[in-house]
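Quick note: to get full-length UniProt numbering, add 13 to the position in the sequence shown (first position is 1).
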Amino acid sequence: KTANLTAHEIFPFSETAQPETREFLQKVIDILLDYVNACNDRNEKILDFHHPEEMKKLLDLEISENPAPLQQLIVDCATTLKYQVKTGHPHFFNQLSCGLDIVSMAGEWLTATANTNMFTYEIAPVFILMENVVLSKMRQIIGYDGGDSILAPGGSISNLYAFLAARHKMFPGYKEHGPRGLPGDLCMFTSDQCHYSVKSCSSVCGLGTENCVMVPSDESGKMIPSELERLILERKARGQIPFFVNATAGTTVLGAFDPLHEIADICQKYNCWFHVDAAWGGGLLLSKKYRNPRMSGIERSDSVTWNPHKLMGALLQCSSIHFKEDTQQDVTCQMKLPTVALTVKKENERERKLKNKIEIFFQGLLLSCNQMSAEYLFMTDKLYDIGYDTGDKVIQCGRHNDIFKLWLQWRAEGDAGFEARMDRLMELTAYEVKRIKEQSDKFYLIMEPECVNVSFWYIPRRLRGSPHTPAKVVELAKICPIIKARMMQSGTLMVGYQPDDRRPNFFRSIISSAAVTEKDVDFMLNEIDRLGQD
Ligand code: ABU
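As structure tokens, then:
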């Protein structure tokens with residue numbers, strides 16, 4: 014029926030087109046379901062790789078003057094997924110976000126259908142309440158009592174929110190006066206293994222990357238606390254103001270966890286904001302077995318980034334930033350506040366700081382930091398409690414609904430389900446390490462992993478049996494891109510590789526998909542061996 018129709022002959026253009034609209038959507042859903050089946054079929058390839066110029070020839074991407082028929086749109090949907098990399102396939106070990114959780118995906122479908130914006134309770138009442146419940150649960154798991162949180166578009170932006178809140182809390186004059194509102198030159202600290210978004214904060218927020226100090230890490234990729242202290246003192250001696258320290262709980266490449274208690278002590282000593290980027294490792298907070306000692310001390314932090322779209326398997330994107338600072342108006346404390354009018358006309362610096370303290374207290378740190386009070390959206394005379402409007406707490410206006418898929422998935426799993434999931438991912442990682450060690454003629458394990466990142470080299474036949482020298486490592490590193498290219502051309506497997514500060518290219522496999530089994534781990538190693546034949 015829909016074959017010759019165009020989009021203007023179904024909803025919302027034609028109000029009588031319920032059957033045609035349903036038929037069109039049903040066809041699209043069939044394509045999606047076929048794709049879900051293919052993602053879960055180990056005989057299917059992960060990808061059908063073509064170079065960009067070749068791919069352009071296989072696709073018809075032009076937007077023409079006239080409307081394309083619905084039939085064409087259905088073909089377009091099928092073609093798009095035909096060439097999409099199946100990140101949910103059990104042989105996809107390439108990214109921190111692997112897998113295709115069916116319940117979370119159902120949530121994303123519903124989210125797309127509801128098509129709302131998360132800035133006000135007015136237009137997203139159920140989703141806003143869900144966000145409150147889930148984020149408050151996550152803060153409790155971190156070990157915060159109270160506090161505030163927000164879902165942000167990715168871990169990099171979550172880290173940026175931490176930076177902004179820290180600067181606002183410590184130097185409230187910046188919001189109004191920019192750099193002139195600062196008492197001096199700020200600097201921040203993070204390990205040399207951190208995610209690059211931390212350094213990006215220093216550039217985006219006007220410190221300059223030279224004032225994001227990279228603290229050396231040890232052999233396993235953990236920040237060295239004594240080096241942090243040494244560098245803080247060095248910058249102070251130069252007259253700078255250290256104000257922000259980022260610790261990483263699960264580094265991107267090696268999966269290392271910085272020593273949080275020792276870093277917290279240093280932050281306390283030098284009055285620095287203590288942020289933990291647990292975008293990657295955060296999921297392990299849900300496991301009694303693996304949470305400690307990795308994450309011990311996280312409860313002492315001022316803020317935490319945690320991405321459910323990584324270890325927890327929520328669909329992209331789903332990233333959260335959590336703050337310890339309580340934002341709820343606490344009636345018992347109101348009495349203790351000095352009676353200073355919030356609208357001081359001619360304020361001196363002391364009054365301004367006091368006013369800011371009071372504002373932060375009453376409104377919350379996030380709101381005080383980011384609020385622009387756009388009256389067309391955040392009216393103060395609405396019929397409901399405007400404390401539920403989240404839009405003025407964030408630097409974006411429109412905010413995607415990332416909560417429903419996570420809420421639905423958490424309902425489906427329960428805390429116990431997520432805990433079992435974390436334990437299983439770690440169990441599979443241990444299995445991979447064991448298999449690598451059992452085949453030490455073919456593989457070289459670079460280090461014992463703390464997370465689900467496994468770092469290794471493949472040893473081709475011609476290099477087997479010879480001592481592990483720097484010259485041999487140079488050769489092993491050259492092989493990584495060759496095998497990766499073969500993986501992509503054969504379409505059977507995807508595992509990432511990269512160099513780091515200490516070594517040239519090596520493989521980093523990630524097990525963060527609930528679909529992976531021991532058989533898939535064996536497949537990965539056997540396939541690398543097959544593709545690595547000289
Ligand atoms: N933001 C970290 C994602 C990188 C990765 O998947 O390897």
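From the three backbone atoms N, C-alpha and C, an ideal C-beta is built for every residue, glycine too. These figures come from a predicted structure and were not determined experimentally.
With DSSP as the reference, label Q376 as helix, strand or coil. For the purposes of this step, residue 376 is taken as residue 363 along the sequence shown, with counting starting at 1. Three-state DSSP puts Q376 in a helix.
Ends of the alpha helix (DSSP H) at Q39? Here residue 39 refers to the residue found at position 26 when the sequence shown is read from its first residue. Unbroken alpha helix (DSSP H) run through Q39: 31 to 52.
T261 beta carbon near the ligand ABU (any heavy atom closer than 6 Å): The sequence position of residue 261 within the sequence shown is 248, counting from 1. T261: no, Cβ never under 6 Å from the ligand ABU.
Straight-line CA distance for D533 to R477? In the sequence shown, residue 533 corresponds to position 520, counting from 1. In the sequence shown, residue 477 corresponds to position 464, counting from 1. Roughly 25 Å between the two C-alpha positions.
In three-state DSSP terms, what is T100? By 1-based counting over the sequence shown, the position of residue 100 is 87. In this structure, T100 counts as coil in the three-state DSSP scheme.
Those residues which DSSP pairs with C225 across a bridge: Taking the sequence shown and counting its residues from 1, the one referred to as residue 225 is at position 212. Partner(s): M201.
Using the Cα positions of Q422 and A327, report the straight-line distance between them to the nearest angstrom. Within the sequence shown, the letter at position 409 stands for residue 422. Within the sequence shown, the letter at position 314 stands for residue 327. Roughly 7 Å separates the two Cα atoms.
Just to check, is the beta-carbon of T15 closer than 6 Å to a non-hydrogen atom of the ligand ABU? On the sequence shown, position 2 is the one that residue 15 refers to. Taken from the Cβ of T15, every heavy atom of the ligand ABU lies 6 Å or farther away.
Taking the straight line between their C-alpha atoms, what separation do you get for R424 and P321? Locating residue 424 in the sequence shown gives position 411, where the first residue counts as 1. Locating residue 321 in the sequence shown gives position 308, where the first residue counts as 1. Each residue's alpha carbon lies about 14 Å from the other.
By the three-class DSSP mapping on this structure, what secondary structure does residue 587 have? The question about residue 587 has no answer, for the chain in this structure spans 14 to 547.
Unbroken beta strand (DSSP E) run spanning Y471, endpoints: Here the question's residue 471 lines up with position 458 in the sequence shown. First-last of the beta strand (DSSP E) with Y471: 466 to 471.
Which stretch, first to last residue, makes up the alpha helix (DSSP H) that contains V88? Here residue 88 corresponds to residue number 75 of the sequence shown, with the count starting at 1. 83 to 95 is the span of the alpha helix (DSSP H), which, as asked, contains V88.
Taking 6 Å as the line, does the beta carbon of T203 fall inside it for any heavy atom of the ligand ABU? The count along the sequence shown starts at 1 and reaches residue 203 at position 190. Outside the cutoff, so no.
Reducing DSSP to helix, strand and coil, say where L329 ends up. Taking the first residue of the sequence shown as position 1, residue 329 is located at position 316. Residue state, collapsed to three classes: coil.
Taking the alpha helix (DSSP H) that N172 falls in, what are its first and last residues? Translated into the one-based positions of the sequence shown, residue 172 becomes position 159. Counting along the chain, the alpha helix (DSSP H) containing N172 begins and ends at 168 to 183.
With DSSP as the reference, label G159 as helix, strand or coil. As a position in the sequence shown, residue 159 is number 146, starting the count at 1. Coil at G159, not helix or strand.
What's the C-alpha gap between E135 and L241? Locating residue 135 in the sequence shown gives position 122, where the first residue counts as 1. Locating residue 241 in the sequence shown gives position 228, where the first residue counts as 1. Roughly 46 Å separates the two Cα atoms.
Could you tell me whether any non-hydrogen atom of the ligand ABU is closer than 6 Å to the CB of T530? Along the sequence shown, read from residue 1 onward, the residue named residue 530 stands at position 517. Checking the Cβ of T530 against the ligand ABU gives no.
Out of P483, N145, S526, D73, which has the shortest C-alpha to C-alpha gap to F515? In the sequence shown, the residue the question calls residue 515 occupies position 502. Per the sequence presented here, residue 515 reads as Arg, with Phe not at that position. Closest option to R515, Cα to Cα, is P483.
If you draw a straight line from the C-alpha of L438 to the C-alpha of R474, how long is it? Residue 438 sits at position 425 when you count from the first residue of the sequence shown. Residue 474 sits at position 461 when you count from the first residue of the sequence shown. R474 has its alpha-carbon roughly 31 Å from the corresponding atom of L438.
Which residues DSSP lists as bridging H335, in chain order: In the sequence shown, residue 335 corresponds to position 322, counting from 1. Note: H335 sits in a beta bridge opposite S162, V317.
Could you tell me the alpha carbon to alpha carbon distance between G234 and S468, rounded to whole angstroms? Taking the first residue of the sequence shown as 1, we reach residue 234 at position 221. Taking the first residue of the sequence shown as 1, we reach residue 468 at position 455. For G234 and S468, the distance between alpha carbons rounds to 12 Å.
Closest residue to N271 among M308, C280, W286, F257 (Cα-Cα distance): The count along the sequence shown starts at 1 and reaches residue 271 at position 258. In the sequence as presented, Asn is not what sits at residue 271; that position holds Asp. Closest by alpha carbon: M308.
Is it buried or exposed for residue 8, if we count other Cβ within 10 angstroms and need 16 for buried? Residue 8 cannot be examined here, being either before or after the span of the chain that is shown, 14 to 547.
Beta-ladder partner(s) of R521, from DSSP: Walking along the sequence shown from the start, residue 521 turns up at place 508. Bridge partners of R521: S468, G509.
Got a sec, what are the start and stop residues for the beta strand (DSSP E) V258 sits in? If you number the sequence shown from 1, residue 258 lands on position 245. From DSSP, the beta strand (DSSP E) with V258 extends over 254 to 261.
Nearest to V147 by alpha carbon, out of E463, S333, S479? Counted from its first residue, the sequence shown places residue 147 at position 134. The residue with the shortest Cα to Cα distance from V147 is S333.
Using DSSP with H/G/I as helix, E/B as strand and the rest coil, what is V407? Stepping through the sequence shown from its first residue, residue 407 is reached at position 394. Here V407 sits in coil by DSSP.
Straight-line CA distance for I399 to A269? Position 386 of the sequence shown, counted from the first residue, corresponds to residue 399. Position 256 of the sequence shown, counted from the first residue, corresponds to residue 269. Near 41 Å, if we compare the C-alpha coordinates of A269 and I399.
When you compare each of T203, F202, H208, M183 to P196 by their alpha carbons, which one comes out closest? Position 183 of the sequence shown holds residue 196. Minimum Cα distance to P196 is reached at M183.
Is L109 near the ligand ABU, in the sense that its beta carbon is under 6 Å from a heavy atom of that ligand? Counting from one through the sequence shown, the residue named residue 109 turns up at place 96. Correct: L109 has its Cβ closer than 6 Å to the ligand ABU.
Pick from F140, S213, K40 that is closest to E121, judged by C-alpha positions: Sequence index remark: in the sequence shown, residue 121 carries index 108 (1-based). When only C-alpha atoms are compared, the closest one is F140.
Out of E338, K395, M236, which has the shortest C-alpha to C-alpha gap to Q376? By 1-based counting over the sequence shown, the position of residue 376 is 363. With distances taken between Cα atoms, Q376 lies closest to E338.
Between D415 and the rest of its own chain, which residues show a CB-CB distance below 7 Å, the 5 nearest in sequence each way excluded? Along the sequence shown, read from residue 1 onward, the residue named residue 415 stands at position 402. Correct list, in chain order: L164, Q330, C331.
Does the beta carbon of T265 fall short of 6 Å from some heavy atom of the ligand ABU? The sequence position of residue 265 within the sequence shown is 252, counting from 1. Under cutoff, so the answer is yes.
Under 6 Å Cβ to Cβ from S149, same chain only, skipping five residues before and after it: list those, please. Residue 149 sits at position 136 when you count from the first residue of the sequence shown. Here S149 has no same chain residue with a Cβ atom under 6 Å from its own Cβ, once five neighbours each way along the sequence are excluded.
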